[in-house]
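**Student:**
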Amino acid sequence: MSAAKARGGASGHDADVIVVGGGLAGLAAAHRLARRGVAVRLVEAGARLGGNVATARTDDGFLFERGPNAIRGGSVAIESLIAAAGLAGDVIESGPNAKARFIWRGGKVHAVPSSPPALVRSELLSGRAKLRMLAEPFVKARPEDGETLGALLTRRIGRGAVEALVDPLVSGIFAGDVDALGPDALSLVKDAEREHGSLFKALVAARRKGGKRASGMATLRRGLDTLPTALGAALGEAVRLETAVGRVAEAPRGVVVELAGGGALSARAAIVATPARAAGELLGGAAAALGTVPHPAVATVSLGVADADLRAPFEGFGVLRAGGVPIPGAGPVIGMVFGSSVFEGRAPAGHRAFTAILGGARHPGVLELTDEELTAHAAAAVDALMGLRGGAKVAVVTRWPLGIPQFTPRHLRRIKTVRAALPAGVALAGSYLDAIGMEPAVGSGFAAADAVAARVLERRP
Numbered sequence: 004m005s006a007a008k009a010r011g012g013a014s015g016h017d018a019d020v021i022v023v024g025g026g027l028a029g030l031a032a033a034h035r036l037a038r039r040g041v042a043v044r045l046v047e048a049g050a051r052l053g054g055n056v057a058t059a060r061t062d063d064g065f066l067f068e069r070g071p072n073a074i075r076g077g078s079v080a081i082e083s084l085i086a087a088a089g090l091a092g093d094v095i096e097s098g099p100n101a102k103a104r105f106i107w108r109g110g111k112v113h114a115v116p117s118s119p120p121a122l123v124r125s126e127l128l129s130g131r132a133k134l135r136m137l138a139e140p141f142v143k144a145r146p147e148d149g150e151t152l153g154a155l156l157t158r159r160i161g162r163g164a165v166e167a168l169v170d171p172l173v174s175g176i177f178a179g180d181v182d183a184l185g186p187d188a189l190s191l192v193k194d195a196e197r198e199h200g201s202l203f204k205a206l207v208a209a210r211r212k213g214g215k216r217a218s219g220m221a222t223l224r225r226g227l228d229t230l231p232t233a234l235g236a237a238l239g240e241a242v243r244l245e246t247a248v249g250r251v252a253e254a255p256r257g258v259v260v261e262l263a264g265g266g267a268l269s270a271r272a273a274i275v276a277t278p279a280r281a282a283g284e285l286l287g288g289a290a291a292a293l294g295t296v297p298h299p300a301v302a303t304v305s306l307g308v309a310d311a312d313l314r315a316p317f318e319g320f321g322v323l324r325a326g327g328v329p330i331p332g333a334g335p336v337i338g339m340v341f342g343s344s345v346f347e348g349r350a351p352a353g354h355r356a357f358t359a360i361l362g363g364a365r366h367p368g369v370l371e372l373t374d375e376e377l378t379a380h381a382a383a384a385v386d387a388l389m390g391l392r393g394g395a396k397v398a399v400v401t402r403w404p405l406g407i408p409q410f411t412p413r414h415l416r417r418i419k420t421v422r423a424a425l426p427a428g429v430a431l432a433g434s435y436l437d438a439i440g441m442e443p444a445v446g447s448g449f450a451a452a453d454a455v456a457a458r459v460l461e462r463r464p
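The numbering used here applies: residue 4 is where the sequence shown begins, and numbers increase by one.
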């Protein structure tokens, strides 16, 4: 059913369900509700939809992703949402270069080992660190006691492997610090110890079990922001931009959404799909604990560079910096994605597109830097990696004051407590809840929509 037909019939309410927040989670929830015939209204404080999904296009022919840069293979929820939005024909798969990934450590670039023999040959780890990893199956498992992810993995595979392999991975996913995050950040690690007593034993069990493993990456031909644009267009007049909310509370006949500028909206149910901190402020009570979820600031700098200006170009998905010594001249740069090496149509002929990620938990003052300083750091990273003559042809700077939510120790336990105390008729959506990424965000939106739809539909006359 179309969004237009789904509106109305709310029996004295402004809508059956009000969705607060127009990021990917909120849009997924609203779209699912509308298709089920539920009268929905989505309110967004900003002037656009999509949250941190944003794309920049230049007159020179470059296309840069300002936030998430790709969709992981096997992202069932996103794939279904893309199809429902009429964009299935716009999906493009990553090329073979996406399999090559690199880590900057010890003053040079190392290929990420893709197999046990490659790990043995790799200079990323010392001989002692490699031997320590081999002892992992003999390390005793123990119940979670609030330890950090870094402590858990140091206990299992040794500090050398954590610093060389896990630290850059965590930095790339969370822009975070492995010694500040909890095991919930990488639930596969926690589950492996709990269920198998060993990471290696869990890996062996997974291989024996077989099944098709999701691989590769994908994107949309005209940029990832075409998805929220299409979803917003389908919702039509159900969307209200530049509408800030001050409070969401239970009411005698459902919920009330008080607008920051005055007035209120009423509905049978509501979905709060804002960042964690905002959700805590809107709901109060036990949900106020959401305000403690850290969101370290991040900046991205996208550069368009001519092939002729690179002395030693190479292909791959990108590079992550291991903690410790920074890339020369690129202090707060924690990683870089080689956009044009992964997907077609990201740069004009004879040019390459790069996006540097700066800041995160280890560089909290990144947003105090000027655009020129951020660009200089990004260019220095390209120079250290590939040799850059002159400067970039194009530079696009994006600032994210609220970056990626950090799953600190006992995160999921706190989320469970918050959910149990939510007012009747209120659900949460967002990637800060259960897992980070576009797929979990969409999945949380679907789950929230299903939960409130059941309440709304069973109470209709």
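Every residue gets a Cβ at the ideal spot worked out from N, C-alpha and C, and that includes glycine.
#1: DSSP state of K111, grouped into three classes?
#2: Just tell me which of G175, D93, G49 has its CA closest to the CA of G321.
#3: Determine the extent of the alpha helix (DSSP H) in which F177 is found, giving its start and end residues.
#4: Since R413 sits in a beta bridge, which residues does DSSP pair it with?
#5: Note the first and the last residue of the continuous beta strand (DSSP E) segment covering H199.
#6: Excluding the five sequence neighbours on either side, which residues of its own chain have a C-beta within less than 7 Å of the C-beta of P186, listed in chain order?
#7: Let's see if you can read the secondary structure: which residues bound the alpha helix (DSSP H) around I274?
#8: If you draw a straight line from the alpha carbon of G319 to that of V455, how long is it in whole angstroms?
#9: Measuring CA to CA, which of N72, L172, R162, A272 is closest to D19?
#10: Determine the contact status of L306 and A398, defining contact as a CB-CB distance below 8 Å.
#11: Look up T222 in the DSSP assignment and say whether it is helix, strand or coil.
#12: Helix, strand or coil for D526, going by three-state DSSP, please let me know.
#13: Would you identify the three-state DSSP class for D374, choosing helix, strand or coil?
#14: Helix, strand or coil: how does DSSP classify F105 here?
#15: Would you please state the rounded distance, in angstroms, between the beta carbons of K133 and V123? I believe it to be under 8 Å.
#16: Following the continuous beta strand (DSSP E) through H34, name the residue where it begins and the one where it ends.
#17: What separation, rounded to the nearest whole angstrom, lies between the Cα atoms of P426 and L84?
#18: Ends of the beta strand (DSSP E) at I360?
#19: Less than 8 Å between C-beta atoms, sequence neighbours within five positions excluded: which residues of the same chain meet that for G338?
#20: How is the beta strand (DSSP E) around G185 delimited, first residue to last?
#21: Could you check if D62 is buried or exposed, using at least 16 other CB atoms within 10 Å of its CB as the buried criterion?
#22: Please report the Cβ distance between T246 and V421, rounded to the nearest whole angstrom; I am assuming they are in contact, meaning their Cβ atoms lie under 8 Å.
#23: Throw me the rounded Cβ distance for the I160 and R135 pair, which I believe falls under 8 Å.
#24: With a cut-off of 8 Å, do at least 3 Cβ pairs link the segment 329-343 to the segment 386-402?
**Tutor:** With the structure as the only source:
#1: As a working mapping, residue 111 is identified with position 108 in the sequence shown. The three-state reading of DSSP puts K111 in strand, counting E and B together.
#2: In the sequence shown, counting from the first residue as 1, residue 321 sits at position 318. Between G321 and the set G175, D93, G49, the nearest pair of CA atoms involves G175.
#3: Translated into the one-based positions of the sequence shown, residue 177 becomes position 174. Segment 170-177, the alpha helix (DSSP H) holding F177.
#4: In the sequence shown, residue 413 corresponds to position 410, counting from 1. Bridge partners of R413 according to DSSP: none are assigned.
#5: Counted from its first residue, the sequence shown places residue 199 at position 196. In the DSSP assignment, H199 falls outside any beta strand (DSSP E) and within the unbroken alpha helix (DSSP H) covering 190-199.
#6: To locate residue 186, count along the sequence shown from 1; it is residue 183. Within the same chain, P186 has close Cβ partners E147, L152, L155, V192, K193.
#7: The residue you call residue 274 lines up with position 271 of the sequence shown. Unbroken run through I274 is the beta strand (DSSP E), 267-275; no alpha helix (DSSP H).
#8: For the purposes of this step, residue 319 is identified with residue 316 of the sequence shown, where counting begins at 1. For the purposes of this step, residue 455 is identified with residue 452 of the sequence shown, where counting begins at 1. The alpha-carbon of G319 is positioned some 43 Å away from that of V455.
#9: Taking the first residue of the sequence shown as 1, we reach residue 19 at position 16. Minimum Cα distance to D19 is reached at A272.
#10: Looking up residue 306 in the sequence shown gives position 303. Looking up residue 398 in the sequence shown gives position 395. Yes, the Cβ-Cβ distance between L306 and A398 is below 8 Å.
#11: The sequence position of residue 222 within the sequence shown is 219, counting from 1. Of the three classes helix, strand and coil, the one that applies to T222 here is strand, per DSSP.
#12: Given a span of 4 to 464 for the chain in the structure shown, any question on residue 526 remains unanswerable.
#13: Locating residue 374 in the sequence shown gives position 371, where the first residue counts as 1. D374 falls in the helix class under three-state DSSP.
#14: To locate residue 105, count along the sequence shown from 1; it is residue 102. The answer is strand: DSSP assigns F105 an E or B state.
#15: The count along the sequence shown starts at 1 and reaches residue 133 at position 130. The count along the sequence shown starts at 1 and reaches residue 123 at position 120. Rounded, the Cβ-Cβ distance is 7 Å, consistent with contact.
#16: Residue mapping note: residue 34 aligns to position 31 of the sequence shown, counting from 1. Per DSSP, H34 belongs to no beta strand (DSSP E); it is in the alpha helix (DSSP H), 27-38.
#17: Taking the sequence shown and counting its residues from 1, one reaches residue 426 at position 423. Taking the sequence shown and counting its residues from 1, one reaches residue 84 at position 81. About 28 Å.
#18: Position 357 of the sequence shown, counted from the first residue, corresponds to residue 360. Here the beta strand (DSSP E) through I360 covers 354-362.
#19: Translated into positions along the sequence shown, residue 338 becomes position 335. So the list reads P171, S174, G175, G321, V322, L323, R324, A359, I360, once near-sequence residues are dropped.
#20: Locating residue 185 in the sequence shown gives position 182, where the first residue counts as 1. Note, G185: premise wrong, no beta strand (DSSP E); not H, not E.
#21: If you number the sequence shown from 1, residue 62 lands on position 59. By the beta-carbon neighbour count (other beta carbons within 10 angstroms, threshold 16), D62 is exposed.
#22: The residue you call residue 246 lines up with position 243 of the sequence shown. The residue you call residue 421 lines up with position 418 of the sequence shown. With 8 Å as the limit, T246 and V421 do not qualify as a contact, their Cβ atoms being about 24 Å apart.
#23: In the sequence shown, residue 160 corresponds to position 157, counting from 1. In the sequence shown, residue 135 corresponds to position 132, counting from 1. In this structure, I160 and R135 form a Cβ contact; the two beta carbons are roughly 7 Å apart against a cut-off of 8 Å.
#24: Yes, they touch.
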